[in-house]
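Peer 1: Quick note, in the numbering used here, the sequence shown goes up one by one and the last residue is 225. Quick reminder that beta carbons are idealized off the backbone N, C-alpha and C, glycines included. From a predicted model like this one, the values you see are computed outputs, not experimental measurements.
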Amino acid sequence: LQPYLRTLEKILDFLELLKEKGLNLKYVDMGGGFGISYEEGKLPLNIKDLAEKIYSLIKKTGAKLILEPGRFLVGPAGVLITQVLYKKNRGKKRFIIVDAGMNDLIRPSLYGAYHQIKKLKEPHGAGSPEVVDVVGPVCESGDFFARERPLPQITEGEYLAIMDTGAYCFSMSFTYNARPRPAEVLVKKDQWWIIRERERCIIKRATQHRNSII
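1) Provide the residue(s) that pair with T93 in DSSP beta bridges, ordered along the chain.
2) Using a Cβ-Cβ cutoff of less than 8 Å, which residues in the same chain neighbour G46 once the five nearest sequence positions on both sides are dropped?
3) Pull up the DSSP beta-bridge partners for P161, would you.
4) For a quick check, are the C-beta atoms of K243 and E169 less than 8 Å apart?
5) Going by DSSP in three states, E31 sits in which element: helix, strand or coil?
6) Note down, in chain order, each residue of its chain lying with its Cβ closer than 6 Å to the Cβ of S120, except the 5 sequence neighbours on either side.
7) Would the region 159-177 count as touching the region 187-195 if we require 3 or more Cβ pairs under 8 Å?
8) In its own chain, which residues sit with a C-beta less than 6 Å from the C-beta of P161, not counting the 5 before and 5 after it?
9) Buried or exposed: which applies to L29, given that a residue is buried once 16 or more other Cβ atoms fall within 10 Å of its Cβ?
10) Pick out whichever of R211, D201, R118, K98 has its Cα sitting closest to the Cα of M183.
11) Pick from R192, Q127, D24: whose alpha carbon is nearest that of E50?
12) Considering only residues of the same chain and omitting the five flanking positions on each side of G73, which have a CB-CB separation below 8 Å?
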């Protein structure tokens, strides 16, 4: 939190200089940058503690604070559900191939982002964990979700949950390799709604304005 708070202190010092020049700003925009804990076991951001410290700094200015805590709000709210297509061994390497691909969630491939991967249903006698690579079906070496990840025994056909995909995941998705994007489902307790239909034919969508000038 300290870099964020030091930045706010610098901004407020500048605000005082502007007041001395006769410029009274009504708003202070601190932007975003509130992270979330993607890895299991890491302490999450104490948002209450942060809010109290920010308020103690800005209350004396009289300015209204604007924040953009997007990832903190929506990151943990998204989960990518994918089905295991098959398993493959190559030497000592073990691969879990799923039906989701890098076009659905590119963060691990693009900059090595970590996302927890969990089984939706834990079968009886799951056995000891195994170290696997969880990869997609796209013909690219970068099509992966996890590398050398210890996971419970996984069988073909079962479903996995790739966690914390609410921030920048669907907005970064694309239709590489002619792969339509998946549906989005909003879940509230025991109710659910399809809020974005699964894409069926990207070629039809791309050519529906065939009479337009290209």
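Peer 2: Quick look at the numbers:
1) Counted from its first residue, the sequence shown places residue 93 at position 82. According to DSSP, T93 bridges with L171.
2) Within the sequence shown, numbered from 1, the residue matching residue 46 stands at position 35. Here the set comprises L56, R82, F83.
3) Here residue 161 is taken as the residue at index 150 of the sequence shown, counted from 1. Paired residue(s): V142.
4) No answer is possible for residue 243: the residues shown for the chain start at 12 and end at 225.
5) To locate residue 31, count along the sequence shown from 1; it is residue 20. Helix.
6) Position 109 of the sequence shown, counted from the start, is the residue given in the question as residue 120. Closer than 6 Å at the Cβ level, and outside the excluded window around S120, lie M113, G153.
7) no
8) Taking the sequence shown and counting its residues from 1, one reaches residue 161 at position 150. Excluding sequence neighbours, P161 sits near P140, V142.
9) Position 18 of the sequence shown, counted from the start, is the residue given in the question as residue 29. L29 is exposed by the Cβ-count criterion.
10) Along the sequence shown, one-based indexing puts residue 183 at 172. Of the listed residues, the one whose Cα sits closest to M183 is R118.
11) The count along the sequence shown starts at 1 and reaches residue 50 at position 39. It is Q127.
12) Within the sequence shown, the letter at position 62 stands for residue 73. Same-chain partners within the cutoff: there are none.
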